[in-house]
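So the sequence lines, in the order shown, correspond to chains A and B. Position one of the first sequence corresponds to residue 0 (numbering that gives the first Met the number 0), numbered consecutively onward. Position one of the second sequence corresponds to residue 0 (numbering that gives the first Met the number 0), numbered consecutively onward. Glycine included, every Cβ here is placed at the ideal spot set by N, Cα and C. The model shown is predicted, which means the values in this text are computed figures rather than measured ones. A quick write-up on the structure given underneath.
Number of protein chains: 2
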Amino acid sequence: MSGKSLNVIELAKLAHTSKSTVSRVLRNEPDVSPKTRARVQRLIRKYDYHPSLFGRGLTGASTGLIGVLGRWMESGFAAEVLRGIVAEVERRGGHLLCSFAPNIDDYVSMWRKFAAGGQVDGAILIAPANEIFAHSVKPGDRPVVLCACKPPDEKRGWGKIGSVTIDNRTAMNDVVDHLVGAGCRRLVHLSGAPDILDAQERRRFFMKAAARHRGVKADVVQGAWTRELAYTIALEYINTHGGPPDAFVAFNDSVALGVLEALQARGIPVPGKVAVTGWDDILFASYAGLTTIHLPMIRMGEEAARLLYEQLDDPRRKVGRPVLLKMPLKVRSTSGRPRK
Amino acid sequence: MSGKSLNVIELAKLAHTSKSTVSRVLRNEPDVSPKTRARVQRLIRKYDYHPSLFGRGLTGASTGLIGVLGRWMESGFAAEVLRGIVAEVERRGGHLLCSFAPNIDDYVSMWRKFAAGGQVDGAILIAPANEIFAHSVKPGDRPVVLCACKPPDEKRGWGKIGSVTIDNRTAMNDVVDHLVGAGCRRLVHLSGAPDILDAQERRRFFMKAAARHRGVKADVVQGAWTRELAYTIALEYINTHGGPPDAFVAFNDSVALGVLEALQARGIPVPGKVAVTGWDDILFASYAGLTTIHLPMIRMGEEAARLLYEQLDDPRRKVGRPVLLKMPLKVRSTSGRPRK
DNA sequence: CTGAAAGCGCTTACAG
DNA sequence: CTGAAAGCGCTTACAG
């Protein structure tokens with residue numbers, strides 16, 4: 000081997016052929032004689048040769064690089080979705096180019112960088128803030144898939160962008176029906192932060208779900224956005240209303256945890272006196288016996304990657320499709336029939 | 000703008016200068032007149048221009064790309080470490096090129112690809128299997144940092160590789176001293192899978208820590224590697240020994256969870272009759288009041304990235320350094336003084 | 001301080 | 001089925 004690292008030219012010399020032919024073998028093109036192909040492949044394996052990402056990328060050819068853009072990894076949500084993406088991308092022999100931008104302007108800039116091409120084959124945007132829809136999708140954009148986010152309308156080219164979202168409506172119906180079936184009549188929803196789409200949806204679907212039942216009273220309480228806030232606000236609610244409602248429907252498991260702690264502090268039995276439900280199904284939920292909605296974070300990542308590959312595999316397909324994932328209700332012990 | 004995407008040549012034309020000068024401005028080189036620099040920078044901002052990763056990479060210049068190689072994301076461990084890496088890399092304006100290889104041969108192949116250059120500036124290897132040390136580090140390798148893994152010796156060039164590991168010895172001493180201080184005399188360690196370095200270390204340090212105390216009996220039980228297995232094995236232990244020991248020291252929180260469930264199933268009070276400790280400090284630990292060792296996964300990622308940048312910032316520095324992270328003991332309610 | 005030229009390692013038409 | 005040539009977008013000496 001010469002001093003420089005192995006490249007198509009060196010490989011061509013060793014195989015007594017041209018770099019064009021080596022390139023053809025590399026990309027599994029059909030028009031190569033079996034003998035030549037075998038000779039080149041043997042050398043590729045012998046030297047564990049991998050074509051340069053940069054050389055290939057510069058020509059505009061596919062690099063197997065999939066862009067992943069997230070707001071941040073704090074939540075654990077992005078990390079779980081990433082696991083799903085990894086599973087699918089790894090299966091295809093691809094690589095992930097990950098960027099994270101908490102700030103929406105940076106996020107948009109990175110999205111544009113991915114979409115403009117010359118970097119990744121396609122990209123997955125994890126939970127972008129809604130401000131992104133004020134920007135336009137360009138006709139020549141690389142395929143992009145939205146994860147945990149859905150374009151609000153067809154405008155600005157967003158109509159042809161694929162997306163993976165969760166079916167909050169059906170899940171919330173399941174929660175409410177289950178609670179009503181268990182005898183609960185006064186339901187209180189501790190909603191999530193108002194700038195989160197899921198929070199808006201769950202809040203709306205909670206009211207709608209309850210309205211389908213006669214004699215059921217539904218209320219929404221804002222501000223309980225974390226475990227700590229939920230603890231305080233649950234106590235406050237109980238003090239103000241002279242006791243708990245029949246059920247607290249928490250925006251997520253952390254909020255439910257805060258509620259459970261508040262109820263425990265006041266010696267109010269769950270589910271004896273009040274039912275509590277969560278959302279997400281994090282590890283502690285199963286430990287605490289929390290009835291909750293299972294959020295399939297890993298599957299969201301997998302589906303997003305599959306959606307992206309659908310478009311990558313068929314370049315004529317210019318339009319992505321929306322995928323709506325069902326979320327199963329996990330009935331555990333915090334939602335038994337109240338004894339009053 | 001012409002049809003093709005903006006590049007150094009277009010930018011040079013617009014700025015009435017040459018692509019060499021544009022390149023100098025891009026890389027913040029000193030030898031550019033203030034006027035020219037300002038003119039170029041204005042255009043860069045105006046068009047939100049980002050130099051091509053591929054063009055830059057092909058010349059061998061730094062791309063800001065940091066390679067991350069993991070065995071898999073299943074554990075959640077890699078995901079948390081990744082969060083730390085992201086925090087640090089994002090701060091430096093870099094990007095992550097992530098690959099995951101459950102199989103050791105693939106892992107080694109990817110490591111070599113990163114190390115050979117022409118792809119990333121440097122790489123972080125998360126928890127590689129020990130078989131990797133059978134391979135040699137080459138003199139011209141790009142900087143690499145080991146995370147949650149330490150070279151067993153100086154051989155094959157591994158002596159100059161930086162690493163981030165956790166101080167299992169001190170942490171295990173803390174656990175054992177705490178339990179003995181609480182009155183426990185018979186300690187049982189439910190160890191982790193034998194091919195995990197941390198499992199080997201904790202097992203060994205558990206025995207050593209106990210041996211420092213007179214009258215303390217320490218045992219190791221194998222096979223309890225998951226919550227489910229721990230449940231079964233804890234029950235089995237109790238049946239065989241006519242009751243629990245004074246303390247179960249679990250390899251991690253999931254194992255501790257299995258133990259707690261087994262004790263609950265048998266109606267054995269914790270900490271009244273037996274103490275239980277975990278390791279990792281996952282969310283459920285604080286909920287369950289589990290006394291545990293806090294594993295700073297995010298910090299491990301941050302430290303690994305910092306270590307890597309130390310070498311990247313100073314190319315003369317050919318040798319990385321080892322970092323040993325302390326793990327605080329979180330005393331909660333599962334380790335109170337046993338009442339016997 | 002500036003610019004022209006070479007070259008990084010590939011792929012892509014094109015000609016045979 | 002094969003190869004010579006051009007070119008992707010940068011950076012790096014080199015000459016001025």
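Here the segment 313-325 of chain B does not lie against the segment 97-105 of chain B, with fewer than 3 beta-carbon pairs under 8 Å apart.
Judged by beta-carbon spacing, A/TRP278 lies within the 8 Å limit of A/ALA249, meaning their Cβ atoms are closer than that value. Taking the beta carbon of B/ARG111 as reference, the chain A residues within 8 Å of it are ASP47, listed in sequence order. For B/ALA147, the three-state secondary structure derived from DSSP is coil. Interface flag for A/CYS97 against chain B is set, since a Cβ pair is found closer than 8 Å. Close partners of B/ILE281 in chain A (Cβ separation under 9 Å): LEU282, PHE283. Assignment of A/PHE99 by DSSP, reduced to helix, strand and coil, places it in the strand class. For the segment 47-76 of chain B, the set of positions with a beta-carbon nearer than 7 Å to some beta-carbon of chain A reads ASP47, HIS49, SER51, LEU52, PHE53, GLY54, GLY56, LEU57, MET72 in chain order.
Non-local C-beta neighbours of B/LYS325 in its own chain, meaning closer than 6 Å and more than five positions away in sequence, comprise ASP166, ordered along the chain. No Cβ of chain A is located within less than 8 Å of the beta carbon of B/ALA304. Residue pairing for B/ARG185: DSSP places it in a beta bridge opposite B/LYS216. When secondary structure is reduced to three states using DSSP, B/HIS134 falls in the coil class, being assigned neither helix nor strand. DSSP, read as helix, strand or coil, puts B/LEU5 in coil. With respect to the C-alpha of B/ASP245, the residue from B/PHE204, B/ALA181, B/ALA303, B/ILE297 having the closest C-alpha is B/ALA181.
Contact check for A/PHE113 against B/LEU57 fails: the beta carbons are separated by 8 Å or more. With a 10 Å radius around the Cβ and a threshold of 16 neighbouring Cβ atoms, B/ASP194 comes out exposed. For B/ILE43, the enclosing alpha helix (DSSP H) stretches over residues 33-45. Residue range 121-125 is occupied by the beta strand (DSSP E) that includes A/GLY121.
By the neighbour-count criterion, in which 16 or more other beta carbons inside 10 Å mark a residue as buried, B/THR62 falls on the buried side.
Assignment of A/THR291 by DSSP, reduced to helix, strand and coil, places it in the strand class. Runs of the alpha helix (DSSP H) lying entirely within the segment 209-283 of chain B, each at least 4 residues long, are 226-240, 252-264 in chain order. Between A/ARG82 and chain B, the shortest Cβ-Cβ separation is below 8 Å.
When DSSP states are grouped into helix, strand and coil, B/ILE65 belongs to the strand group.
LEU256: these are the residues of the segment 233-267 of chain B whose beta carbon lies less than 7 Å from some beta carbon of chain A, given in chain order.
Shown here, B/LYS325 sits in coil according to DSSP, grouped into three states, outside any helix or strand.
Around the CB of A/ILE8, fewer than 16 other CB atoms lie within 10 Å, so the residue is classed as exposed. Within the segment 283-299 of chain B, the residues whose Cβ lies closer than 8 Å to some Cβ of chain A are PHE283, TYR286, ALA287, listed in chain order. Fewer than three Cβ pairs drawn from the segment 111-127 of chain B and the segment 272-292 of chain B lie within less than 8 Å of each other, which leaves the two stretches out of contact. In this structure, the CA atom of B/GLU28 is about 21 Å from the CA atom of B/TYR46. Inter-segment contact for the segment 182-191 of chain B and the segment 292-300 of chain B is absent: fewer than three beta-carbon pairs are separated by less than 8 Å. Residue state for B/HIS177 is assigned as helix, using DSSP reduced to three classes.
In its chain, beyond the 5 residues on either side, ASP252, THR291, ILE292, HIS293, LEU294, LYS329 have a beta carbon closer than 8 Å to the beta carbon of A/ASP280. When DSSP states are grouped into helix, strand and coil, A/THR58 belongs to the coil group. Measuring C-alpha to C-alpha distances from A/ALA229 to each of A/VAL187, A/ARG38, A/TRP157 identifies A/VAL187 as the nearest.
Counting the other CB atoms within 10 Å of its CB gives B/ARG55 a total of 16 or more, which places it among the buried residues.
With the criterion set as a beta carbon lying under 8 Å from some beta carbon of chain B, the members of the segment 115-126 of chain A are ALA115, GLY116, GLY117, GLN118, in sequence order.
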